[in-house]
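**Student:** According to the numbering used here, the stretch in the sequence shown is residues 173 to 483, in order. Note that beta-carbon positions come from the ideal geometry of N, C-alpha and C, so glycine has one too.
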Amino acid sequence: GAGMKVILDTDPGIDDALAFILLKAMPEISLQAITVTHGNTTVEKCTTNALKLVELLGMRDVPVAMGATEPLVKTLSVAEETHGDTGLGHAVLPNPTTTIVESNAANLIIDIVNANPGEITILCIGPVTNLALALLKDPTLRKKIKNVVSMAGTIHYPGNATPSSEYNVFCDPESFDILLRSGIDLTIVPLDVTYQCLFTKAHIERLAGAREDVCNFIDRSTAFYMEFHAEYQGIQGCAINDPLAAAILVKPDLVKMRDYYVDIELHGEFTTAKISADHFNASGKAPNAKVAMEVDVDAFMDFFIERVKTL
Ligand code: RIB
Ligand code: CA
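1) Hey, is I297 close to ligand 2, as in C-beta under 7 Å from one of its heavy atoms?
2) To the nearest angstrom, how far is it from the Cα of L303 to the Cα of E399?
3) Could you please give me the residues that DSSP links to S322 through a beta bridge?
4) Contact criterion: CB-CB distance below 8 Å. Does F472 meet it with respect to chain E?
5) For L483, which of helix, strand or coil comes out of DSSP?
6) Check the C-beta distance from V245 over to E377 and give it rounded, since I have them as a contact under 8 Å.
7) Take every Cβ of the segment 385-403, pair it with every Cβ of the segment 260-270, and state whether three or more of those distances are shorter than 8 Å.
8) Residue ranges of each beta strand (DSSP E) run of no fewer than 3 residues wholly in the segment 414-456, ordered along the chain?
9) Grab the span of the beta strand (DSSP E) containing A251 for me, first residue to last.
10) Secondary structure at E399, three-state DSSP: helix, strand or coil?
11) Just to confirm before moving on: does the CB-CB distance between I420 and A464 stay below 8 Å?
12) Assuming I477 contacts H375 (C-beta within less than 8 Å), just tell me the rounded distance between them.
13) Where DSSP assigns a beta bridge to F371, which residues make up the other side?
14) Quick one: does the C-beta of T182 sit closer than 7 Å to a heavy atom of ligand 2?
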């Protein structure tokens, strides 16, 4: 069958690239489009990276659309210390021959959702500017999107962009606020679970025998990412945030969800872009998100490695 229809919204990005690889190894998913956003690097570089990955993985049948060059309100904040100046660390891929589609990302999201009402899952693994723009341009969209899974935010774990905010939300907090208020079935995959999923050289060794070009890409891209984690965060290995958000599409039992009312600080002095989950329901407000608060790390790493070996 067609499988789960998914739009991937992404800022590739080293861990985004690992999510591309995992999605290719998830036949349960029918990837309808890849929409690219500013984030880990400029939208132009992220788009080139998306086209390079599409060619590495044989996804040329998936339309790629370039999206927002900058956040809704804030100025652009790229993370080239984390992902390198290309956005893919030390990995080198051939220059792409495929091109992007005419539509920009927001319009492609609008067109695909309107053509498949109630059927589209949007997997957001970068700042959510494209989705926010689509929701603003077509107010009927929020009722037609099946659900959104967003790698975003942090609840109890320290922020990786500021002491209290996670990078994707930090890049464009106003867009994330629009998503939180949209009424869409929203699953949030925060740093609380993704930073438990530390990919190491031992995991790379377990990939022995898998497709050599993919393994080489994983080794070269994560080598840079591991250097960042060691130097900036004193962490051995690298947090593979985005692949966890992809994995739960087909293996939701990898995580334990909690229904929370989640809000966001837009005007803090030190806490702008912090999201808060109302654990004790102090606000009395109904939940607006399912938040992954626990993860079976070994089961996820096994899943990732097993699936990559099927390529
Ligand atoms: O905070 C982690 C998130 O920010 C990941 O999606 C990573 O790719 C960066 O975009
Ligand atoms: Ca990302």
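**Tutor:** On the basis of the supplied data:
1) yes
2) 32 Å
3) C296 and I360
4) Here there is only one protein chain, and chain E is not present.
5) Three-state result, L483: coil.
6) Going by Cβ atoms, the distance from V245 to E377 rounds to 45 Å, so no, they are not a contact pair.
7) yes
8) 427-432, 434-436 and 447-449
9) It is not in any beta strand (DSSP E) - A251 carries neither H nor E in the DSSP assignment.
10) Helix, per DSSP.
11) yes
12) Rounded, the Cβ-Cβ distance is 6 Å, consistent with contact.
13) The secondary-structure analysis by DSSP pairs F371 across a beta bridge with C410.
14) yes
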